[in-house]
Amino acid sequence: MKTEEELRTEYRRQRQELEEQAEAIHRFQKKGEEIAQQTYEAICYQVRQNEEYCTDILEMAQREIEQLETNYRADLQEKQREVRQKAEYAEEQFHKELRQIERNK
99 MKTEEELRTE YRRQRQELEE QAEAIHRFQK KGEEIAQQTY EAICYQVRQN EEYCTDILEM
159 AQREIEQLET NYRADLQEKQ REVRQKAEYA EEQFHKELRQ IERNK
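For the sequence shown, our numbering begins at 99 and goes up steadily by one.
Dropping the structure here:
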């Protein structure tokens with residue numbers, strides 16, 4: 099059986115890992131938003147250069163980008179939910195094991 103200090107150390111390590119995962123998801127989300135914006139701006143620039151030929155293409159591209167962004171956000175929200183669940187589980191396990199240690203004292 100783990101000691102209380104070992105349990106606390108393991109819990110802190112798990113929390114740190116999960117916080118790093120959450121931060122990585124956040125950075126990934128921001129980068130994706132930047133790429134989407136840059137892509138949209140590049141498309142708009144090309145359309146302005148050839149406006150008479152590209153109005154329908156711009157509308158189609160905009161709809162496609164919006165759908166991709168929606169899917170992207172949904173995927174990221176799912177990953178964030180998974181990290182939150184892991185954090186909740188780690189906390190529950192920590193408290194459960196801590197209570198067990200205290201009972202065995």
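From the three backbone atoms N, C-alpha and C, an ideal C-beta is built for every residue, glycine too.
Residue i (DSSP reduced to helix, strand or coil)
| i | result |
| --- | --- |
| M99 | coil |
| N169 | helix |
| K184 | helix |
| K177 | helix |
| K128 | helix |
Cβ pair residue i, residue j closer than 7 Å
| i | j | result |
| --- | --- | --- |
| A122 | V181 | no |
| E176 | A134 | no |
| A185 | L116 | yes |
| Q127 | L156 | no |
| I199 | E103 | no |
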